[in-house]
């Protein structure tokens, strides 16, 4: 038997030492990344809101699938910007996430320009779109309008005031869409929250208001207000008798209110994949989807790339609406 040369023996030894590791996956693969401590979720919503309820329900599934507790930390204020600013300054290691709706990452930067504390397009890793639900237009019971009759009524009352939960909110922008679609000058009345707007609608101080369909469900069911149309492509399963704006001749009035999870910029792709895989499985569980349906919402899901593409399109679309409507924050 011929022994290998010195160089040959060295190559053989190197090959033997490397062999046990050759088939091992990288330590950064999506399959084996696990959080090493509790996951913190920063939210800009006040306790008791729908966003708060959804995050608590989601946290239960995340804890089970990821093996670490999920701690929800409330950072309300500045239209959600405070929570997202704290997220932007956090380490991109998968242990700090942020829950938000559209404002802090899409419309607030358009409305505030250089006054934003972070660059919304570069400060975050868009991770996962959890859910969406329609905005519903409601009128006071004295308004003799339903379906296409509502459009005719608005044309006869071009200075109608409408309520929303604040300047730059989805509710406000839907009203601006409606006003532009009809060539009218509907007057916007911002409120500090949906309950105050609903109170004035019930009292007849305003005759038109916009709200998330889940939040308005009680007043609609009790017959206190009339639901005119929803802003999504399909009717809401919560109120299948209420048409879409497209069905009443206004396809331009199209929007949805969504909730999403973000991480700081620089999150490793494998960590993002591990988190989104877990989240996607949770929101498509039948029990979770049924629970969301009771709130008037539907699960969305997908991966980080799909969410990033969605956000890019949202920024272009809402910038056009804001520009045409001349909306600005003081």
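In our numbering, the protein residues as written are 1183 to 1512. By construction, the Cβ of each residue, glycine as well, lies at the ideal position given by its N, Cα and C atoms.
Asked, Found
"Which of helix, strand or coil DSSP assigns to residue 1314", "strand"
"Reduced DSSP secondary structure (H/G/I, E/B, other) of residue 1321", "strand"
"Which residues DSSP lists as bridging residue 1370, in chain order", "1344"
"Range covered by the alpha helix (DSSP H) that runs through residue 1215", "Counting along the chain, residue 1215 falls outside any alpha helix (DSSP H), and DSSP gives it neither H nor E."
"6 Å Cβ shell around residue 1244 - same chain, five flanking residues per side excluded", "1252"
"Where residue 1255 falls: helix, strand or coil (DSSP)", "strand"
"Rounded straight-line distance, which links the Cα of residue 1400 to that of residue 1139", "In the structure as shown, the chain begins at 1183 and stops at 1512. Residue 1139 is therefore absent and cannot be evaluated."
"Option in 1453, 1435, 1320 and 1506 with minimal Cα separation from residue 1346", "1320"
"Range covered by the beta strand (DSSP E) that runs through residue 1282", "1278-1282"
"Through-space distance from residue 1426 to residue 1412, alpha-carbon basis", "5 Å"
"Cβ contact (3+ pairs, closer than 8 Å) linking the region 1247-1267 and the region 1455-1466", "yes"
"Option in 1442, 1332 and 1348 with minimal Cα separation from residue 1462", "1442"
"Per-residue DSSP class, three states only, for residue 1275", "coil"
"Backbone secondary structure at residue 1393 - three-state DSSP", "strand"
"Cross-strand partners of residue 1426 (DSSP beta bridge)", "1412"
"Residues that residue 1306 bridges to, as DSSP identifies them", "1446"
"Nearest to residue 1311 (by Cα), restricted to the options 1280, 1378, 1303 and 1333", "1280"
"Where the alpha helix (DSSP H) through residue 1224 begins and ends", "Note, residue 1224: premise wrong, no alpha helix (DSSP H); beta strand (DSSP E) at 1221-1225."
"Residue from 1278, 1466, 1371 and 1328 whose Cα sits closest to the Cα of residue 1509", "1371"
"Contact belief for residue 1504 with residue 1289 at Cβ below 8 Å, rounded distance in angstroms", "7 Å"
"Distance between residue 1305 and residue 1205 (C-alpha atoms, nearest Å)", "In this predicted model, residue 1205 has a pLDDT of only 36, less than 50, meaning its place in the structure is not dependable; the value taken from the coordinates is given anyway. Their backbone Cα atoms lie some 36 Å apart in a straight line."
"Nearest candidate by alpha-carbon position, reference residue 1272, set 1470, 1446, 1299 and 1499", "1446"
"CB contact check: residue 1411 to chain B, cutoff 8 Å", "This model lacks chain B altogether; it includes just one protein chain."
"Cα-Cα separation, residue 1330 to residue 1215", "54 Å"
"Residue 1261 vs residue 1285 beta-carbon contact at 8 Å", "yes"
"Closer than 7 Å: residue 1468 CB and nearest the ligand ZN heavy atom", "Summarising the ligand content, the structure contains no ligands, and the ligand ZN is consequently not present."
"Straight-line Cα distance separating residue 1483 from residue 1378", "32 Å"
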